[in-house]
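Undergrad:
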Amino acid sequence: MTQRALYRPALQVLESPEAVAAEVAQRILRFVETRARPVLGLATGRTPLAVYARLAAAHRAGTSFAAVESFNLDEYFGLGPAHLGAFACYMQRHFFEQVDMLAGHGHVPSGLGDPALEARAYEATIAEAGGIGLQLLGIGLNGHIGFNEPGSDFDSRTRIVTLDESTRRANAKDFPEGTEVPREAITMGIGTILEAQRIVLVATGEAKSEALHAAFHGPPSRGCPASALQLHPCVELVCDVGAAHRLCL
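The working numbering numbers the first residue of the sequence shown as 11 and each following residue consecutively.
(1) Classify residue 125: buried if its beta carbon has 16 or more other beta carbons within 10 angstroms, exposed otherwise.
(2) For the candidate residues 250, 226 and 234, whose alpha-carbon lies nearest to that of residue 200?
(3) Out of curiosity, what's the CA-to-CA distance linking residue 165 and residue 238?
(4) Using only the alpha-carbon positions, how far apart do residue 75 and residue 255 sit?
(5) In the DSSP assignment, what are the bridge partners of residue 231?
(6) Three or more C-beta pairs under 8 Å: does that hold for the region 208-217 against the region 241-254?
(7) Go through its chain and collect everything with a Cβ distance to residue 112's Cβ below 7 Å, but skip five positions before and after it.
(8) For residue 163, collect the residues of the same chain with a Cβ closer than 8 Å to its Cβ; drop the 5 residues on either side in sequence, then sort them by chain order.
(9) Just how far apart, CA to CA, sit residue 86 and residue 240?
(10) With a cut-off of 8 Å on the beta carbons, I'd call residue 9 and residue 195 a contact; round off their distance for me.
(11) Between the C-alpha atoms of residue 139 and residue 186, what's the straight-line distance to the nearest angstrom?
(12) Report buried or exposed for residue 26, applying the criterion of at least 16 other Cβ atoms within 10 angstroms of its Cβ.
(13) Using a threshold of 7 Å, state whether the C-beta atoms of residue 259 and residue 18 are closer than that.
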């Protein structure tokens, strides 16, 4: 079997989470402004919030997102788009409603219905859009990307997954008090993510340093899903000093 080439990410370390958000927003804006049909892969969670705030500010200053089509990484299974814990709700509040994207151009996997049908439809819609040009990506404390938990196959596609208890605990603060975090989610697979032309991986805070070390020191391993990014030739890692302190790239 032919050995696949391994790549190191292009690393930029900045002093603060605010500086990281500003830099990542500028990379996205340059991509949007220089493509006739920009297709973005988008992420949720706490780290991208400041990025979306800066993109919204850029729109108010005159940048148009009317040509943009976007695809989110994942969604909790069993939650409708109006649920406060749903990523569809998050995206509406923090990005889609803040810019001039066309109706129906901001795609989030459905957490309702038949997950196998939804997964196939999502993959088909990405293909119809011409594939993802720039994928915004975070990293979980256990090295997950999207909701691809440790043990995920590197060639996996969009599918339903069972969430690690560590992931559910980490995400509990994003849910209304007393609301249980779902045990399953629908996520782009690692293979789907690796098909993006360009990946911008964002990490802030010392808590992410172990995951970044596992991802980029040592060979790719299913034990750390983010280590699959070593198989992609165009990964840009933007992080703060805390997240970067165990890196030597």
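Ideal Cβ placement from N, Cα and C applies to all residues, glycine included.
TA: With the structure as the only source:
(1) buried
(2) 234
(3) 10 Å
(4) 35 Å
(5) 234
(6) yes
(7) 76
(8) 199, 200, 201 and 232
(9) 27 Å
(10) Nothing can be reported for residue 9, as the shown portion of the chain is limited to 11 through 259.
(11) 35 Å
(12) exposed
(13) yes
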